Structure formats: C-alpha cells, structure tokens
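*Asks:*
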Amino acid sequence: MAALTHDERLVPSAGTPRPRLKSFGVAALAVVIVGGLALAGAFLPLSTALDVRNAIGLALFAVATNLLLGYGGLVSFGQAALYGIGAYTVMLGWQHWGWSFWTGFVVAPLVGAAAAAAIGVIALRTRQLYFALLTLAFTQLAFTLAHQQFEFTGGDNGVFGEVLPAWLADERQGYMFTLGVAAISCFLLWRVVTSPFGLTLRAIRENRDRMEALGVNVYLHQLVAFVISGFFCAVAGVLFVVHTQSAYPQLLEWTKSGEPILMAVIGGMFSFLGPVVGAFVYTLGQQELVQQTESWKLVLGVILLAIVLLRPDGLAGLVSARPWRRLRRSETEPGA
Amino acid sequence: MHRHKNGALALSALVVVALAIVGASTASPSQSERQFKGFINIGISTTLSGSIATLGQGGLQGIQLAAADLNRQGGLLGKEIKVVSADDNATPATGAANVRSMILDKKISALFGPVSSAVAAAELQLTAQYKVPTFLHTSNDITLMTQRWTPYAFQVVPNTIMEPRAVAEYLAKKVGNRKLNIGTFSPDYVFGRNSVANFLLALKDLGVNHAVVGQQWPALGAPNIAPQLSALISSDPEVTFNIQFGGDLVNFTNQAAGYGFFKNTRMIGMYSLDPLKALGDAAPSGAIAFSRAPFWGYKKNAAMTAFVARYKKAYNAYPSEWAIMAYSAVQTWAAAVKKVKSLNGDKLVKAIEGSTTPTIRGPLKIRACDHQAEVPEFVGTIAKQRDKTVGHKLWNPEVFIASPAKTMLTCAESLARR
Amino acid sequence: MDTVVIEVSGTLSAASSLFLASAGLTLIFGAMRVINLAHGSFYMFGAFLTTSLVGFATGARFWWAVPVAALAVALIGAGVELGVIRHIYGKEHLTQLLATYALFLIFADLALRIWGAESRAVPVPKSFFGSIEIAGEQIPKYNLVIVGTAIAVGVGLWLLLKLTTLGWRIRAAVDDPESLEASGVNLQLLFTVVFALGALLAGLGGAVISPQIAVTPGIDGSIIVGAFIVTVVGGLGSILGAAVAALLIGASETAGTLAAPDWASTFPYIAMIAILAVRPWGLFGQPER
Numbered sequence: 414m415a416a417l418t419h420d421e422r423l424v425p426s427a428g429t430p431r432p433r434l435k436s437f438g439v440a441a442l443a444v445v446i447v448g449g450l451a452l453a454g455a456f457l458p459l460s461t462a463l464d465v466r467n468a469i470g471l472a473l474f475a476v477a478t479n480l481l482l483g484y485g486g487l488v489s490f491g492q493a494a495l496y497g498i499g500a501y502t503v504m505l506g507w508q509h510w511g512w513s514f515w516t517g518f519v520v521a522p523l524v525g526a527a528a529a530a531a532i533g534v535i536a537l538r539t540r541q542l543y544f545a546l547l548t549l550a551f552t553q554l555a556f557t558l559a560h561q562q563f564e565f566t567g568g569d570n571g572v573f574g575e576v577l578p579a580w581l582a583d584e585r586q587g588y589m590f591t592l593g594v595a596a597i598s599c600f601l602l603w604r605v606v607t608s609p610f611g612l613t614l615r616a617i618r619e620n621r622d623r624m625e626a627l628g629v630n631v632y633l634h635q636l637v638a639f640v641i642s643g644f645f646c647a648v649a650g651v652l653f654v655v656h657t658q659s660a661y662p663q664l665l666e667w668t669k670s671g672e673p674i675l676m677a678v679i680g681g682m683f684s685f686l687g688p689v690v691g692a693f694v695y696t697l698g699q700q701e702l703v704q705q706t707e708s709w710k711l712v713l714g715v716i717l718l719a720i721v722l723l724r725p726d727g728l729a730g731l732v733s734a735r736p737w738r739r740l741r742r743s744e745t746e747p748g749a
Numbered sequence: 020m021h022r023h024k025n026g027a028l029a030l031s032a033l034v035v036v037a038l039a040i041v042g043a044s045t046a047s048p049s050q051s052e053r054q055f056k057g058f059i060n061i062g063i064s065t066t067l068s069g070s071i072a073t074l075g076q077g078g079l080q081g082i083q084l085a086a087a088d089l090n091r092q093g094g095l096l097g098k099e100i101k102v103v104s105a106d107d108n109a110t111p112a113t114g115a116a117n118v119r120s121m122i123l124d125k126k127i128s129a130l131f132g133p134v135s136s137a138v139a140a141a142e143l144q145l146t147a148q149y150k151v152p153t154f155l156h157t158s159n160d161i162t163l164m165t166q167r168w169t170p171y172a173f174q175v176v177p178n179t180i181m182e183p184r185a186v187a188e189y190l191a192k193k194v195g196n197r198k199l200n201i202g203t204f205s206p207d208y209v210f211g212r213n214s215v216a217n218f219l220l221a222l223k224d225l226g227v228n229h230a231v232v233g234q235q236w237p238a239l240g241a242p243n244i245a246p247q248l249s250a251l252i253s254s255d256p257e258v259t260f261n262i263q264f265g266g267d268l269v270n271f272t273n274q275a276a277g278y279g280f281f282k283n284t285r286m287i288g289m290y291s292l293d294p295l296k297a298l299g300d301a302a303p304s305g306a307i308a309f310s311r312a313p314f315w316g317y318k319k320n321a322a323m324t325a326f327v328a329r330y331k332k333a334y335n336a337y338p339s340e341w342a343i344m345a346y347s348a349v350q351t352w353a354a355a356v357k358k359v360k361s362l363n364g365d366k367l368v369k370a371i372e373g374s375t376t377p378t379i380r381g382p383l384k385i386r387a388c389d390h391q392a393e394v395p396e397f398v399g400t401i402a403k404q405r406d407k408t409v410g411h412k413l414w415n416p417e418v419f420i421a422s423p424a425k426t427m428l429t430c431a432e433s434l435a436r437r
Numbered sequence: 012m013d014t015v016v017i018e019v020s021g022t023l024s025a026a027s028s029l030f031l032a033s034a035g036l037t038l039i040f041g042a043m044r045v046i047n048l049a050h051g052s053f054y055m056f057g058a059f060l061t062t063s064l065v066g067f068a069t070g071a072r073f074w075w076a077v078p079v080a081a082l083a084v085a086l087i088g089a090g091v092e093l094g095v096i097r098h099i100y101g102k103e104h105l106t107q108l109l110a111t112y113a114l115f116l117i118f119a120d121l122a123l124r125i126w127g128a129e130s131r132a133v134p135v136p137k138s139f140f141g142s143i144e145i146a147g148e149q150i151p152k153y154n155l156v157i158v159g160t161a162i163a164v165g166v167g168l169w170l171l172l173k174l175t176t177l178g179w180r181i182r183a184a185v186d187d188p189e190s191l192e193a194s195g196v197n198l199q200l201l202f203t204v205v206f207a208l209g210a211l212l213a214g215l216g217g218a219v220i221s222p223q224i225a226v227t228p229g230i231d232g233s234i235i236v237g238a239f240i241v242t243v244v245g246g247l248g249s250i251l252g253a254a255v256a257a258l259l260i261g262a263s264e265t266a267g268t269l270a271a272p273d274w275a276s277t278f279p280y281i282a283m284i285a286i287l288a289v290r291p292w293g294l295f296g297q298p299e300r
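As you go down the protein sequences, you meet chains E, S and D in turn. In this text, residue positions in the first sequence follow the numbering used here: the first is 414, and each later residue adds one. In this text, residue positions in the second sequence follow the numbering used here: the first is 20, and each later residue adds one. In this text, residue positions in the third sequence follow the numbering used here: the first is 12, and each later residue adds one.
#1: Are the C-beta atoms of Leu413(S) and some chain D residue less than 8 angstroms apart?
#2: Considering Ala224(S), what are the terminal residues of the alpha helix (DSSP H) in which it resides?
#3: Check Trp414(S) in the structure and name its three-state DSSP category.
#4: Name, please, each residue of chain E whose Cβ falls closer than 9 angstroms to the Cβ of Asn60(S).
#5: How far does the beta strand (DSSP E) with Asn261(S) in it extend, from its first residue to its last?
#6: Closer than 7 angstroms, Cβ to Cβ, to anything on chain D: give me those residues from the stretch 692-724 of chain E, in chain order.
#7: Is the beta carbon of Ile234(D) closer than 8 angstroms to that of Tyr54(D)?
#8: Along the chain, which unbroken stretches of the beta strand (DSSP E) at least 3 residues long are found entirely within the stretch 276-348 of chain S?
#9: Going by alpha carbons, who is nearest to Gly473(E) out of Glu701(E), Ile641(E), Leu581(E), Gln658(E)?
#10: Given this structure, state the Cα-to-Cα distance separating Ser28(D) from Asn363(S), to the nearest angstrom.
#11: Tell me Thr153(S)'s beta-bridge partners as DSSP assigns them.
#12: To the nearest angstrom, how far is it from the Cα of Met323(S) to the Cα of Val236(D)?
#13: Checking the sheet assignment: what are the DSSP bridge partners for Arg405(S)?
#14: Taking only heavy atoms of the ligand FMN into account, decide whether any of them is closer than 7 angstroms to the Cβ of Thr242(D).
#15: Could you check whether the Cβ of Pro48(S) sits closer than 8 angstroms to any Cβ belonging to chain E?
#16: Just the C-alpha distance for Val520(E) and Thr539(E), rounded to the nearest angstrom, thanks.
#17: Rank Ile96(D), Ser263(D), Ala26(D), Thr22(D) by C-alpha distance to the C-alpha of Ala49(D) and give the top, closest one.
#18: Compute the Euclidean distance between the alpha carbons of Ala282(D) and Ser263(D), then round it to the nearest angstrom.
#19: Candidates Tyr543(E), Arg466(E), Ala443(E): which alpha carbon is nearest Pro298(D)'s?
#20: Does the beta carbon of Pro183(S) come closer than 8 angstroms to any beta carbon on chain D?
#21: Hey, out of Trp510(E), Trp515(E), Ala443(E), whose CA is closest to Val654(E)'s CA?
#22: To test your reading of the DSSP string, which unbroken alpha helix (DSSP H) runs of 4 or more residues are found completely within the stretch 578-605 of chain E?
#23: So within the stretch 168-243 of chain D, which uninterrupted beta strand (DSSP E) runs reach at least 3 residues, ignoring any that extend past its ends?
#24: In the DSSP output, which residue or residues are listed as bridge partners for Ile674(E)?
#25: What residue range does the alpha helix (DSSP H) around Ser460(E) cover?
#26: Between the C-alpha atoms of Ala596(E) and Ala493(E), what's the straight-line distance to the nearest angstrom?
#27: Let me make sure I understand the geometry here. Which of Val327(S), Leu383(S), Ala116(S), Trp352(S) has the alpha-carbon closest to that of Thr408(S)?
#28: Can you tell me whether Phe264(S) is helix, strand or coil according to DSSP?
#29: Output, in chain order, the set of chain S residues within a Cβ distance shorter than 9 angstroms of Thr613(E).
#30: Give the residues of chain E in contact with Tyr280(D), contact being defined as C-beta atoms less than 7 angstroms apart.
#31: Please return the same chain residues whose Cβ sits closer than 8 angstroms to the Cβ of Gln199(D), not counting the five positions on each side in sequence.
#32: Just the Cα atoms here: how many angstroms apart are Arg724(E) and Arg119(S)?
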C-alpha cells in the first residue's frame, strides 16, 4: 500500500466511538435496509427475489472479506477457499455422514475458521503482494484437491442434493432465512470493526511499524481477523447452499476470491456497507449482463476500468463524504 | 486533472468500441416476414467463452439452425421459434441463474443443455422444479440420468458408459488374445475419470488381456502437460486411451508427436471434427479415433447430407458433432410438440418416452426407463490423406458403429443406480 | 529403462515454458512495481497472432511470424501503458490488480471475437519437426527451440540489465526514481518502454510455444496462475529467481507425476506454500517496505 507513513493517519478518527446520536442513526439505517430487503423478498416477482437472495449471501461474503481488505489492509485471494469449505462442509456432511442441514450449519463456520487459522498461520508471514499470491495458492490448492479427490468430493460434478428441510427449500422462506443469517452476521462483524480490536486492526493497516513499536502483536491481530473473516466467509458459503443446494469446485477458484474484492471496491471498501452495495450492483448487474450479451466480459471489463480509473472510492464514495474518504484521497493521490 | 481527462477520453473510446462489438454480436439475422401467431422461446445456456467454448458455440449454432429450419416450415403450432441463449462461463451458479431467468422471465418451453455436466446438474434441479423438458446434447455424465435422475431430462448423447464401452469393443476386436500394456491420459475431471474407469472395466468384461502401466491426469485446459506426458511415455504403453477433447487433445497430439509417440504406441483419442481441423496434417494417421456423431459416419443418410450442406451455407464451416447432436435434440422436441399439439412439460415427457423420431442422425429412440437415447458411438482410424471436400484429414472409410444395445446399461442396471 | 532423459527433457521444457510466461511479468514488476494480471492476455495474443500470420500448413513462415507477433504485442503493451497503466502508478497494488483484471476481461472477449472459439494449431516448422535421439530416447526437436528461447531471454535480460544504459536506468527506476528523473531521464517514456518490453516477452513466449499447444481462448487464464507462482517463488522482480523457480516448479511437477500421478497437479501449489513459508519474500526477492 502506497505511502502509509503520514502520522495524522495513525488514529483513524472515523472509527472512534461517537455520540449516541450516531449509533441511533446506524441502528435506524440497519432497520431500513433489512426491512426493505424483507419487503422485497415478500413482494418482488420470484425470479428477481431469488437474484436478490443470491446477492444477500454474496454481500455477507463481501463484508466478511472486507474485514481483511478495508479494515485490515490485507488483500486476500484465499477467501473463496473458506467460502467453498462452508458450502462443501454442509453438502459432504449430508452426503457421507447423513448430517442434517442444521448440523452442517453449525459445523461449517467452525471448519471455515479452522481452515482460516491454518492458512493464516503461514500466509500472514508474508506481506503485500506475496500475501495476495500465497493466499491465491491456497485457494488453488483447495480447488485442485476438490477436483482430484473426486470419490469424496464428486470432483467437478460437485455435490447436489435435497439437503434443506422442506420449509427452507421454499424460495420465499429460504429468502427470509438468508436475510436473517446475513443480517445477524453483519451485525456481529459490525461489532468487531467498532471494537477496540477493530480499531487496532485499522491502526495496523495505517502504520504497521508504529503499532509494532507500541508493543502490539501485529501477527496475532491479523491472524484473529483472518479467522473471524474465515468464519463468516464459511457462513456465506452455507447461504450458498440454501440458495442452490449444491457445492462444486468453482466456488474454490481464485477468480471466485476476486469477486468479493471487486464488490468491495465497486461499493467502496472504506465503509462498512460499501461491500453490500457492491455485492448487489455486481451480482445483479453481472446477471443481467450475461443474459443480455455474449460479450459480457468486455462490458464488465470496461465498467470496472472506468470505476478504477475515475472513481477509486467506489460507489459508496459518491454518497458518504465521510472522513474515510478524505483519508483515502490523501492516500491514493500523492503526487498525482 | 489533465490526467483524468486523458483517462476519460481513452475510456469513452473503449466504451464506443465495446458497444459497437456488442451491437454487432447481438444483431440477429432478420427473420423472413411470415405470418406467425406469436412465438415459442427455447433456451440454451452453455459455455460460450473460455477454453471449451468451441463445444458450446457448436451446439448453439446447431440449435439456431434447427430453429431457423423449423420456422421456414411454418414454425410449431403456427408459432415462430426463438432461441434465447446465454454464456454460463462453465460455472453451475451462472448456468442455473440463466436458466431460472429463462424459465421465469422468458417463459422458455424447452431447455437445451450445457457443455459441463456439473452445470447440467444445477440446471436440472430447476427444470425439474418448473417441469421444463430438457435435452442434454453435449454433457454426458451417466449420473445425470441415474443418481440425479429427473423425469424432465433426456440425454441424446452417448453417456460415459456407452462411449468407453464402444471403444473397448473396437479394441477387443482388433487385438485378439495378445497381452496389451495400456496407458491412460485424461483430464482431471469426473468425465475423464469415469470414462477411463469404464474403459478398463469394459476391457475386463470383454476378456482383453491387459495391464495398466501408467495413468496421468493433467488439469483440464492446462497448456503445459510436459511432465505428465513424459511420465506417460516413460511407462512405455503399447496402447494409450486418451479421453481429452477439443483443444486439450490438440495440445497433447502436438507435444507427443515430437517424442515419436505415435510410432511407438497405438493412440486412441476423441479425434472428431474440431481437433482434426486444428491439427491439419499433424493429425496422427492410423490412430484410433472415436466420436459421438461425426457427419462422415452417417453413410447413405440423405437427411444428414442435406443438413451438412445447409450448415455449410449458414456458417461457412462443417458441422461438429456438437452441432449435430444439438440439432437432433431440437428435432426430437419438435416432433413431440407436433404430436401432442401442446407445450405442456408433462405431456411432452410422456410423448417422448419410448418414442422414435426421424432425425439427421437417423431414427432416434429415447428409452422410456431412463430417458437415454439409443445412439451409437463411432470408432475408426485417422486417414493418411486430406479429405478432398473438407480440406483436412478425416477417418478411413471403414467406421465401426457400436450398437447401443451392447453399450448401454440395461434398464434394470440403470434403475439400480438411482 | 533409461527414461531419465525423457523426464529431464519434460522438466526442462515445462520449466522453459513457465519461464517464458513469467519473465515479462517479473521484469515489469521489478522496474515499475506494477503487477499485471493481463500478462496472460499478451501471451495469448502472441500465440493467436502467430496462428494468423502462419496460416495453415505453411511452416516456412513461422520464423518471421514469431518476431512480428512479439513486436505487435509490444505495441499493444505500449498502448496499454499509455492508456491505463500510466494512471495507476504508485497506487495500491489492489488498484493495479483490478485495472489489469479489467483489461484481462476485455482482452479475453476481444480475442474470442477476433479469432473465434475453435482451437487453432501452428504446424511445427520443418527444420524442427520430429525428434532427435539422445541416449536411445526420442526427444522432440522443437523442445530445443523452447529451451533455447528461454535461455536466450534469460541471458539477454541479464545482459540488458547489467550492461546497457537502459538496463542501468531500469534498475535505478526501482531504487531511486526521483533522482533518476532529476538527472534528466524521461521516466514516463522509460516506463512505457519497460512495459512494452514485458509485453514483448509475453508475446514471444506465446508465439514460440504456439506449435506445441492448442491455441484457444482461455489460455490467458490458464497460464497466468503458473506465471504468478513462478514469479512469486522466485521473488518479485528477480529474473534469476524466476528462472530458478521455473526449474523448481517444473521439477516438482515431474516428480509428482512419477511418485503420485493422482496428486500431481497439487504439487506446484504445495511447493509454493512450502517455499514461501520458509522464505516469505521468495527465493531471490527483497522485502517490500
């Protein structure tokens, strides 16, 4: 990350506890969003509602990834492995050991967290691009294993089956369940980023050396963040199962790891809700694009390029002129 | 600021180019004005980009030509057939989302399947739920018609048991009692794994005396297979069963040729139209080739000859087996629609079960018990000389057409696998 | 069973392909601190352009098709630098990853529109057709071209960086861009040249490999992961590192195919994880500040 040495950025003022008014505002916003999505799930035409359900699951994936990206300054291409592990745990548990969906629902995030710990212990020894590409190697390793151990995983055919209890298999009820799980998970992640731990994490991102000098165990903080992110990425993977009743290797591919990063950047990775916005824009937009034109990659590429070159803050930068934005600007345009 | 202006200029130029290309690629040939009472949408969500796009593009062209041919004859039920297509990017979730939107928004009356069996599995969940007849014409995993059985799906392609059994049968006829050292080379892909396993099983069932000396599994689409290839060559097989397809097979052939591989081993590969065309003179003459529906395998079949001519005229190329199988799938569906005069999924399924439809592949029977088409697999050897009409090598004239009666699972076996 | 020759030849040709795919990537990163996800696209363009230039079944044209394709890709590279990369210097790696990922998507689609979905093949040129015999084993003659090109690229880059003014400037651009600019060097032009050179190497790689592979849309994505592994294991920016890493990864894969064919495709990833666990900056890399 370029030029992160200016002292004034050591203490990120935006994240410090604010007067009660602000937390009231946050609560109100949360109620509006969740309520609006609930209404959407109840009344939108089914095909649109299902696209939104897909986007909600991916929004959680993006928010969980952004704990590392936006708050921790860690570009991880390993999150798809954890997302896929979440989905695979449910499906494979059901297939091989007859687990109910609920057993998988409880176990999957724990497996995700454990896998994140294993990956993080090694990957966090490296930094910057090495970290990005080493986590990418872990994702590809998981992808390759899913192909190779086909007698256990079903290989590229993946695992498909009626794993959901009947009420959850109903599209609208599955929608409400997805929304509920995603909302609770986001609330917990919000508590993490506003906690002292979250503040330390951001301070590390801003000036790692300073925090080390202050006696903070940087490695441990980042590892904990990685594990928390892995836990919630796996929860998002479980929501994928609610959406599709399946798991397959593409969930573990490195390009899948790129998706939540794209979402965070499109929506704005320096605000908590930016990735949510990005997830909706990306998921629904790409879906529409794929159905409109065979050249969807071209159009998507041009739009992405436009965002990166012209609006590096992402879409959220348009609406929230918060201190983070100022901070971001001073960071990205040194000597521009 | 100056800098931003430049960026904006470059970007707007890019946008213009992008729009122009999108416009060009989506502009469909205008339908001849004809009196239709509305239209019927049929869907195909398949792989149209990336390394296996050639299979998906071939299938899509077959379906588009089939729709155009039907429309020329007045459509179906007096309505015009329209093809709705989308790229699935070889990803089940994308394929499923495409299909859901095709069913709920575009109201498609039939779905024509994707390249990948995993994508097919995801799509079958939906078409079963919404009772849309689905025709798998490229993906051929046996599980799609057994463990993942849904009453609305039909498979018009030789499956992962029929294809390797056909090749084994051919080999058994050729070798007699001699003991064979066999190597296998397959993409690390369930399709490949199953095909290899079923090939070896079939050899055993046929009593072919053999030993497996080496098995390699490079990743699908990997350009660099030197390590796997050299390991295979080191194991010194007399016969190599290679189940790679399309670009991967071309890749293998090019790299293996330098090792003198084709002189020392009898190669068996899926040398169908696309790889033969790409390889040109480098196609290994004498190697055993198999294909699911090569147009040159249908002799004295006027419907096929006429189809090849129409296809050539429409796309300025010869039809691959992917195009041929897709076209025959549309024919099967259209015949059933004409018969029951309805688009109702349940009625169509009833009509198709056990039916025999005249298609460009000859009479195509769909077995009632598991919805598998009773279709042959073609096995032959690569010719020495270029074929005069197509301009590159095809097969030698004697082609073995494996009878489906011998290669298919029995109904009892198929039902037992559900 | 004297198959060592075949294994060694396989390893060398795999390593050479990997090195050719990654040399430009590591050069660009070394000089400009830009990570280019669209590098595989340049490689793909090199291969596709060669198929177009050679046409079918006219092997003699191959030798001029290769340099022309590589130069054409260099021009594309220069255009990309002027149009996009120039605007993202000094920005976060993430911004660069995204911008070049966008280019990767755009180029993938353009290639599909221009060359179609069918696989294409380039006939092996006559003079290197067939095989040579080494210790009783047949080895593809064309492997000599691939290994030779890899060695030429490696040595050429090393000489360029050590002995020429351009090389001196490239190295200075890494360590101290400010004083280089103060001394009157046009840094922007230098970066354009370096980026074009990196693209040229990718295009050359694609062009030289083209007779050995099927040229299809999608080879951009399938080589990029391997190129990244090599670049990172070797240490970002180190040409020597890339060469050593390419050999290590090629050897690990060959060892995998012999010892455990079922697991072979995981070997490169396991090798990368093991090496970076011990040396977080790669074999010859330097810690980034």
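Idealized CB from N, CA, C, for every residue including glycine. In this text the structure is predicted, and so the values were computed from the model without any measurement.
*Replies:* By the coordinates alone:
#1: The residue labelled residue 413(S) in the question sits at position 394 within the second sequence. By this cut-off, Leu413(S) is not an interface position.
#2: By 1-based counting over the second sequence, the position of residue 224(S) is 205. Checking the displayed sequence, the identity of residue 224(S) turns out to be Asp instead of Ala. Its alpha helix (DSSP H) spans residues 209-224.
#3: On the second sequence, position 395 is the one that residue 414(S) refers to. Three-state DSSP puts Trp414(S) in a strand.
#4: Reading the second sequence from its first residue, position 41 is the one you call residue 60(S). Under the 9 angstroms cutoff, chain E gives no residues; its nearest Cβ is about 13 angstroms from Asn60(S).
#5: Against the second sequence, residue 261(S) aligns to sequence position 242. From DSSP, the beta strand (DSSP E) with Asn261(S) extends over 258-261.
#6: Ser708, Lys710, Leu711, Leu713, Gly714, Val715, Leu717, Leu718, Val721, Leu722
#7: The sequence position of residue 54(D) within the third sequence is 43, counting from 1. The sequence position of residue 234(D) within the third sequence is 223, counting from 1. Yes, Cβ-Cβ distance for Tyr54(D) and Ile234(D) is below 8 angstroms.
#8: 285-288, 307-310
#9: Residue 473(E) sits at position 60 when you count from the first residue of the first sequence. According to the sequence as given, residue 473(E) is Leu; it is not Gly. Cα-wise, what sits closest to Leu473(E) is Ile641(E).
#10: If you number the third sequence from 1, residue 28(D) lands on position 17. If you number the second sequence from 1, residue 363(S) lands on position 344. Cα to Cα, Ser28(D) sits roughly 55 angstroms from Asn363(S).
#11: For the purposes of this step, residue 153(S) is identified with residue 134 of the second sequence, where counting begins at 1. According to DSSP, which records beta bridges pairwise, Thr153(S) is partnered with Leu130(S), Ala172(S).
#12: Translated into positions along the second sequence, residue 323(S) becomes position 304. Translated into positions along the third sequence, residue 236(D) becomes position 225. Roughly 44 angstroms between the two C-alpha positions.
#13: Residue numbering aside, residue 405(S) sits at position 386 when the second sequence is read from its first letter. Answer is Lys412(S), bridged to Arg405(S).
#14: Ligands in the displayed structure: none, and consequently the ligand FMN is not present.
#15: The residue labelled residue 48(S) in the question sits at position 29 within the second sequence. The pLDDT assigned to Pro48(S) is 45, lower than 50, so where the model puts this residue is not dependable; a value taken from the coordinates is nonetheless given after this. No, its Cβ sits nowhere closer than 8 angstroms to a Cβ of chain E.
#16: Against the first sequence, residue 520(E) aligns to sequence position 107. Against the first sequence, residue 539(E) aligns to sequence position 126. Between Val520(E) and Thr539(E), the C-alpha separation is close to 29 angstroms.
#17: Taking the first residue of the third sequence as 1, we reach residue 49(D) at position 38. Checking every option, the nearest Cα to that of Ala49(D) belongs to Ile96(D).
#18: Taking the third sequence and counting its residues from 1, the one referred to as residue 282(D) is at position 271. Taking the third sequence and counting its residues from 1, the one referred to as residue 263(D) is at position 252. Cα to Cα, Ala282(D) sits roughly 7 angstroms from Ser263(D).
#19: Locating residue 298(D) in the third sequence gives position 287, counting from the first residue. Ranking the options by Cα distance to Pro298(D), first place goes to Tyr543(E).
#20: Within the second sequence, residue 183(S) is the residue found at index 164, counting from 1. No, Pro183(S) does not count as interfacial toward chain D.
#21: In the first sequence, the residue the question calls residue 654(E) occupies position 241. It is Trp515(E) whose Cα lies nearest to the Cα of Val654(E).
#22: 579-582
#23: none
#24: Your numbering for residue 674(E) matches position 261 in the first sequence. DSSP, once it has assigned bridges, lists no residue as partnering Ile674(E).
#25: Taking the first sequence and counting its residues from 1, the one referred to as residue 460(E) is at position 47. From DSSP, the alpha helix (DSSP H) with Ser460(E) extends over 459-479.
#26: For the purposes of this step, residue 596(E) is taken as residue 183 along the first sequence, with counting starting at 1. For the purposes of this step, residue 493(E) is taken as residue 80 along the first sequence, with counting starting at 1. Whole-angstrom Cα-Cα distance: 21 angstroms.
#27: In the second sequence, residue 408(S) corresponds to position 389, counting from 1. The option with the nearest alpha carbon to Thr408(S) is Val327(S).
#28: Within the second sequence, numbered from 1, the residue matching residue 264(S) stands at position 245. Three-state result, Phe264(S): coil.
#29: Locating residue 613(E) in the first sequence gives position 200, where the first residue counts as 1. The premise fails here: Thr613(E) is roughly 36 angstroms from chain S at the closest Cβ pair, so nothing lies under 9 angstroms.
#30: Translated into the one-based positions of the third sequence, residue 280(D) becomes position 269. Correct list: Ala550, Gln553, Leu554, Thr557.
#31: In the third sequence, counting from the first residue as 1, residue 199(D) sits at position 188. Within the same chain, Gln199(D) has close Cβ partners Arg97.
#32: Locating residue 724(E) in the first sequence gives position 311, counting from the first residue. Locating residue 119(S) in the second sequence gives position 100, counting from the first residue. Looking at the two C-alpha atoms, the distance is approximately 33 angstroms.
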